[in-house]
Amino acid sequence: MLDLIIESRQAVIAPGFSVKRILPFRLKRMIGPFIFMDHGGPISVPATTNLDVLPHPHIGLSTVSYLLEGNVTHRDSLGVEQLIKPGEVNWMTAGKGIAHSERFEDPAILAGGGLEMIQTWVALPEKDEEADPSFKNYTAEELPVFTDKGVWMRLIAGDAYGLTSHVKTSSPLFYLHVVLNEGARFGLPMEHSERGVYIVKGSVEVNGVTYTEGRLLVFTKGVDPLIIAKENATLMMLGGEHLGDRYIWWNFVSSRKERIEQAKEDWKQGRILLPPADNKEFIPLPEDNSRPAGGPPPGALS
1 MLDLIIESRQ
11 AVIAPGFSVK
21 RILPFRLKRM
31 IGPFIFMDHG
41 GPISVPATTN
51 LDVLPHPHIG
61 LSTVSYLLEG
71 NVTHRDSLGV
81 EQLIKPGEVN
91 WMTAGKGIAH
101 SERFEDPAIL
111 AGGGLEMIQT
121 WVALPEKDEE
131 ADPSFKNYTA
141 EELPVFTDKG
151 VWMRLIAGDA
161 YGLTSHVKTS
171 SPLFYLHVVL
181 NEGARFGLPM
191 EHSERGVYIV
201 KGSVEVNGVT
211 YTEGRLLVFT
221 KGVDPLIIAK
231 ENATLMMLGG
241 EHLGDRYIWW
251 NFVSSRKERI
261 EQAKEDWKQG
271 RILLPPADNK
281 EFIPLPEDNS
291 RPAGGPPPGA
301 LS
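In this text, residue positions in the sequence shown follow UniProt numbering: the first is 1, and each later residue adds one.
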């Protein structure tokens, strides 16, 4: 059965840059190891608009940036500079601490409505929370693709439907980009205990009810739902095995409250280095009672 419907909410991540925030949600903080999900775009703004997300820190998680359209330049404190393009997987593991920026350096793309991206965060197992930070770009050609009548699917990460992605992960999960033609039928992978379907575009029917874009459908363990495209639809499917409870504040994730407090102080004191190629400005640590622009509202997962 359908366990929960999560309606996306508007969140501002940079001046003039609003996204649809899906996770975390008060009734469902995580789906498998996925603890955060934003959907940005399609975006159409004047070419003079600056939507850049300035350097900011992370701990205890991996960020997964996936573009449907456009491009964005990633720079981080490891010295990595990567132009992210549609269909690629950009997996940044923060571990004990990293800072990165996301710059939109092609004004024509923004003005033409040609930017659309999904960013998720994957919480790390406790044993990996203090790992050294890393970044890896995987091209679209490296990722498994499956096609059938009215169905196109790319396995971004993990295991699903007998396919395995070569993207390196730290815990059992699946993450899929699925495109369905009107009338096409599709199911969810059964091997994972927590599963969700986010409707990026179009609408789908489940158990005789139609659901439209901007919603995340969360399904009970063991249920095998039939998803029918009511029109051409784009979906992101994600889930996996639960890691245990996590605390989340701004851009920090940890299994320990005190580690979040340490990360706050580390950022204030400059102990998390800025990207060497983007170190002239940064997002300051928000006040504890604020709702910061760079991440989800402060709060604990208990």
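Positions of the beta carbon are idealized from the N, C-alpha and C atoms, including for glycine.
Cutoff 6 Å; reference G202; Cβ partners in own chain excluding five residues on either side: Excluding sequence neighbours, G202 sits near E231, N232 and A233.
Cα-Cα separation between L238 and N50, rounded to whole angstroms: Rounded to the nearest angstrom, the gap between the Cα atoms of L238 and N50 is 31 Å.
Nearest to A277 (by Cα), restricted to the options N71, A99, L27 and Y66: In terms of CA proximity to A277, A99 leads the group N71, A99, L27 and Y66.
Of the listed residues P286, P125, F36 and M1, nearest to T26 (C-alpha basis): The amino acid at residue 26 is misidentified as Thr; the sequence shows Arg. Looking at P286, P125, F36 and M1, the one whose alpha-carbon comes closest to that of R26 is F36.
9 Å Cβ cutoff met for M236 and V197: Going by C-beta atoms, M236 is nearer than 9 Å to V197.
Identity of the residue in V167, M190 and P42 nearest F17 by Cα: Here the closest residue by C-alpha is P42.
T164 versus P144: straight-line alpha-carbon distance, rounded: Rounded to the nearest whole angstrom, the CA to CA distance from T164 to P144 is 7 Å.
Opening and closing residue of the beta strand (DSSP E) in which L173 lies: For L173, the enclosing beta strand (DSSP E) starts and ends at L173 to L180.
D266 to D224 span [Cα, whole Å]: When rounded, the distance between both Cα atoms is 45 Å.
C-alpha gap between S254 and T120, whole angstroms: The alpha-carbon atoms of S254 and T120 are separated by roughly 16 Å.
L110 - DSSP class collapsed to helix/strand/coil: L110: helix per DSSP, three-state reduction.
Enclosing beta strand (DSSP E) for K136 [first to last residue]: Annotation: the continuous beta strand (DSSP E) that includes K136 extends over S134 to Y138.
Runs of beta strand (DSSP E) lying entirely within the region 167-230, each at least 3 residues, in chain order: Counting whole runs of 3 or more residues, the region 167-230 contains the beta strand (DSSP E) stretches 173-180, 194-201, 203-206, 209-212, 215-219 and 227-229.
Validate contact between the region 67-83 and the region 98-113 using beta carbons, cut 8 Å, 3 pairs: Output reads yes: the region 98-113 touches the region 67-83.
CA nearest to the CA of Y247, picked from Y211, Q10, M30 and R9: The option with the nearest alpha carbon to Y247 is M30.
Those residues which DSSP pairs with S102 across a bridge: Note on residue identity: the sequence assigns Glu, not Ser, to residue 102. In DSSP, E102 forms a bridge with V53 and H74.
Alpha-carbon to alpha-carbon, G97 and I272: Taking C-alpha positions only, I272 is separated from G97 by approximately 6 Å.
Contacts around N207, its chain only, beta-carbon distance under 6 Å, and the 5 residues preceding and following it disregarded: Cβ within range, chain order: n/a, list empty.
Secondary structure of Q10, DSSP reduced to three states: Strand.
Residue span of the alpha helix (DSSP H) that contains R259, given as start and end: Residues K257 to K268.
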